[in-house]
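Asks: Chains A and B, in that order, give the protein sequences. Under our numbering, the residues of the first sequence are numbered 1 to 264, in order. Under our numbering, the residues of the second sequence are numbered 1001 to 1229, in order.
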Amino acid sequence: MQLDQINLNLRDRYPWEAMDLGIKLMRTMWPSLLVPWLLIMLPVLACILFLQLNGYILTGLLLLWLCKPIYDSLVLHILSRGIFSDYPGPVRIIKGWRQWLPTGIYSTIFIWRLSLARSFNMPVHQLEGLKGNARKQRLRILHKKYASHANGLTIICLHFEFLINLTLYGLLFILIPKEYAASFMDIFTPADSDISGIILNTVFYWLAIFILEPFYVASGFTLYLNRRTQLEAWDIELAFRKMAQRLEHSKQHDINYPDAENIA
Amino acid sequence: MDAYNLDSLNAVQTPEGIEINLRLAGIWPRSVAWMIDTIIRGVIYFVLALVVNQFGKFGTGLLLISIFIMEWFYPVLFEVLNNGVTPGKKSLGLQVVNADGTPIGWSSSMLRNILRTVDFLPLFYGVGLISMLMNDKFQRLGDLAADTLVVYRQQNTSESQIPEAPALHLPPGLNLKEQQAIITFAERSSQLSEERKEELAGILSQLKPAGGSMTADELIRLANGLAGR
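1) Across which residues does DSSP place residue 1152/B in a beta bridge pair?
2) Taking C-beta to C-beta, are residue 1096/B and residue 1084/B nearer than 8 Å?
3) Less than 8 Å between CB atoms is the rule here; does residue 104/A satisfy it with respect to chain B?
4) I'd like the span of the beta strand (DSSP E) that includes residue 1010/B, first residue to last.
5) Determine the closest residue to residue 1126/B out of 162/A, 230/A, 243/A, with distance taken between C-alpha atoms.
6) Pull out every residue of the region 235 to 247 of chain A whose Cβ sits closer than 7 Å to any Cβ of chain B, in chain order.
7) Considering just the uninterrupted stretch of the alpha helix (DSSP H) at residue 1020/B, what are its terminal residues?
8) Name the residue from 34/A, 83/A, 119/A whose alpha carbon lies nearest to the alpha carbon of residue 70/A.
9) Hey, how far is the Cα of residue 198/A from the Cα of residue 1130/B?
10) What span of residues does the alpha helix (DSSP H) with residue 15/A cover, start to end?
11) Express the C-alpha separation of residue 1099/B and residue 206/A in angstroms, rounding to a whole number.
12) Can you confirm whether the region 1019 to 1037 of chain B touches the region 11 to 25 of chain A when touching is taken to mean that 3 or more C-beta pairs between the two stretches lie within less than 8 Å?
13) Pull out every residue of the region 1081 to 1098 of chain B whose Cβ sits closer than 8 Å to any Cβ of chain A, in chain order.
14) Just to make sure I have the definition right: I need the residues of chain A whose C-beta is within less than 7 Å of the C-beta of residue 956/B. Which are they?
15) Give the DSSP bridge partners of residue 1075/B, in chain order.
16) Please name the residue in 74/A, 66/A, 160/A whose C-alpha comes closest to that of residue 111/A.
17) To the nearest angstrom, how far is the alpha carbon of residue 1223/B from that of residue 1214/B?
18) Any C-beta of chain A within less than 8 Å: which residues of the region 1022 to 1035 of chain B qualify?
19) With DSSP as the reference, label residue 63/A as helix, strand or coil.
20) Taking 8 Å as the threshold (C-beta atoms), are residue 15/A and residue 149/A in contact?
21) Span of the alpha helix (DSSP H) holding residue 1031/B?
22) How long is the line joining the alpha carbons of residue 212/A and residue 45/A, rounded to whole angstroms?
23) Just confirm the distance between the C-beta atoms of residue 1203/B and residue 244/A, as a whole number of angstroms; I'd bet it's less than 8 Å.
24) How would you call residue 156/A, buried or exposed, if buried means at least 16 neighbouring beta carbons within 10 angstroms?
25) What did DSSP end up calling residue 171/A once you bin it into helix, strand or coil?
26) Contact check, residue 79/A vs residue 41/A under 8 Å by CB: the rounded distance?
27) In angstroms with no decimal places, state the Cα-to-Cα distance between residue 1108/B and residue 97/A.
28) Along the alpha helix (DSSP H) that carries residue 99/A, what are the first and last residues, could you check?
29) Thinking C-beta only, is residue 226/A closer than 8 Å to residue 18/A?
30) Is it the case that the Cβ atoms of residue 1007/B and residue 121/A are separated by a distance below 8 Å?
31) How many angstroms separate the CA atom of residue 43/A from the CA atom of residue 94/A?
32) Check whether the Cβ atoms of residue 90/A and residue 31/A sit closer than 8 Å, and answer yes or no.
33) Please classify residue 1103/B: does DSSP put it in a helix, a strand, or coil?
34) So is residue 1154/B buried or exposed if we call it buried at 16+ other beta carbons inside 10 Å?
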């Protein structure tokens, strides 16, 4: 890892502040993420809709929710390269699928999913490549001060996902004429036999994931980076290396350190 | 895109020519602060409803009027009279300020809180959410109209102290940033492992022309010298 190539201003931040940086990071990465993100999310939507049209309504929704760690690992893959100004294109991402598709896919989807600090934990496995006990120990250190914030992020995102859903329904309700839906509840809770209502629900849920998940992953990632910065003083290392480099280049080597007067 | 230093700071220059970095607060802490404020109002309404229940229809009217007043003026009163801090914001260390860092006044506070209705559209802050994710300074539409920012209040520096040690004079020729780096090292040295401290100090061995490698203790003594002890 080349610390001096990093695009983030490393400093010791508040945990909340570190998460906010994730939003800003995602904003700058959005153009390079969009195509790969659509490439994975559109086929997923197509599969789920196909399942639902064939009668597997709940299975479809469950799959969409269950596979979230897989979409997330793509986002993290692009982010972790993007902060070093390396933006992998769609071709490179598809060819190098082994690099980002999680190796322990069973644990990723079923076990680690249960942790509320998921986006904070993800880099430990995916970027550091730690497994088993080593991973557990690492997480213990990382979680020491940050567990509540990492959990909070997931809980907030859970609410946001639901609110985006509600907002999309609200938008639809404002836009359609009264003849089709007399009250908000008519479109929000369609009859069980009404397949169009179910598809609408799936598409809105998919849209919420599509909008929110990159920000969730990015914020967890910047929180993780902040914790590492704190533990390993990356920002200080960077400043010291710059200083050493400058001293090397400067001609004035008349620094009289050992003879400095002791004023204590 | 070139390499650059991404940060959530907003530099503001005061009339005296001093530059202050406002640390912008984004959607995560702000939504939690909003939630806390909403819960506080909810509890107040509940208690109020229990009390005015005794007065029949007159009580209902009273309750509705007080809900109206609370919904519109709760944030405004706190923001103007309490230096931009509502109870929810206080619990997360947030503060509302004008874009130039000055305390918020009546007109801008009214504006940003009345425009909550727009941010709330179509339902539950859909517009505000999109606006805050897309804006460079995490502003929702109300913030944009009133030209206000939500920032973190200044850090309490007392928690990070330079460890006491006999001071050493710093060699000349180091600029401000480099001196600050040495002080930061000393302040945070208690959180670092021993090996990491020595590794970091070793980078600066050039500060000792006589040879030998710099130790963490010497750096901390230098920081003491810088701090004027």
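Where is the CB? At the ideal position from N, CA and C, for every residue including glycine. Bear in mind the structure is a predicted one, so any value in this text is a computation, not a measurement.
Replies: Taking the structure as given:
1) Bridge pairing for residue 1152/B: 1094/B [DSSP].
2) Contact annotation: residue 1096/B and residue 1084/B have beta-carbon atoms nearer than 8 Å.
3) Proximity of residue 104/A to chain B, defined by a Cβ-Cβ separation below 8 Å, is not satisfied.
4) Per DSSP, residue 1010/B belongs to the beta strand (DSSP E) from 1009 to 1013.
5) Out of 162/A, 230/A, 243/A, 162/A has the C-alpha closest to the C-alpha of residue 1126/B.
6) Of all residues in the region 235 to 247 of chain A, only 236, 237, 239, 240, 241, 243, 244, 247 place a beta-carbon less than 7 Å from a beta-carbon of chain B.
7) Not the alpha helix (DSSP H): residue 1020/B falls in the beta strand (DSSP E), residues 1019 to 1023.
8) The shortest C-alpha separation from residue 70/A is found at 119/A.
9) Using only the alpha carbons, I get a separation of about 25 Å.
10) For residue 15/A, the uninterrupted alpha helix (DSSP H) segment begins and ends at 15 to 53.
11) Rounded to the nearest angstrom, the two C-alpha atoms are 36 Å apart.
12) With a cut-off of 8 Å, the region 1019 to 1037 of chain B and the region 11 to 25 of chain A count as touching, because enough Cβ pairs lie within range.
13) Against chain A - using a Cβ distance shorter than 8 Å - the residues of the region 1081 to 1098 of chain B are 1092, 1093.
14) Nothing can be reported for residue 956/B, as the shown portion of chain B is limited to 1001 through 1229.
15) Note: residue 1075/B sits in no beta bridge, so no partner.
16) Of the listed residues, the one whose Cα sits closest to residue 111/A is 66/A.
17) Their Cα atoms are separated by approximately 13 Å.
18) Near chain A, meaning a CB-to-CB distance below 8 Å, the residues of the region 1022 to 1035 of chain B are 1023, 1024, 1025, 1026, 1027, 1028, 1029, 1031, 1032.
19) Note: residue 63/A maps to helix in three-state DSSP.
20) In this structure, residue 149/A lies near residue 15/A, with their beta-carbon atoms less than 8 Å apart.
21) Run containing residue 1031/B: 1027 to 1052, per the alpha helix (DSSP H) assignment.
22) The alpha-carbon atoms of residue 212/A and residue 45/A are separated by roughly 16 Å.
23) Rounded, the Cβ-Cβ distance is 5 Å, consistent with contact.
24) It counts as buried.
25) In the three-state reduction of the DSSP assignment, residue 171/A falls in the helix class, which pools H, G and I.
26) Separation of the CB atoms of residue 79/A and residue 41/A is rounded to 16 Å, and the pair is thereby denied contact status at 8 Å.
27) If you draw a straight line from the Cα of residue 1108/B to the Cα of residue 97/A, it is about 51 Å long.
28) Residue 99/A -> alpha helix (DSSP H) spans 97 to 100.
29) The answer is yes: Cβ separation under 8 Å.
30) For residue 1007/B and residue 121/A, no; Cβs fall outside 8 Å.
31) Each residue's Cα considered, the two are about 14 Å apart.
32) Here residue 90/A is not near residue 31/A, since their CB atoms are 8 Å or more apart.
33) Residue state, collapsed to three classes: strand.
34) It is exposed - the Cβ of residue 1154/B has fewer than 16 other Cβ atoms within 10 Å.
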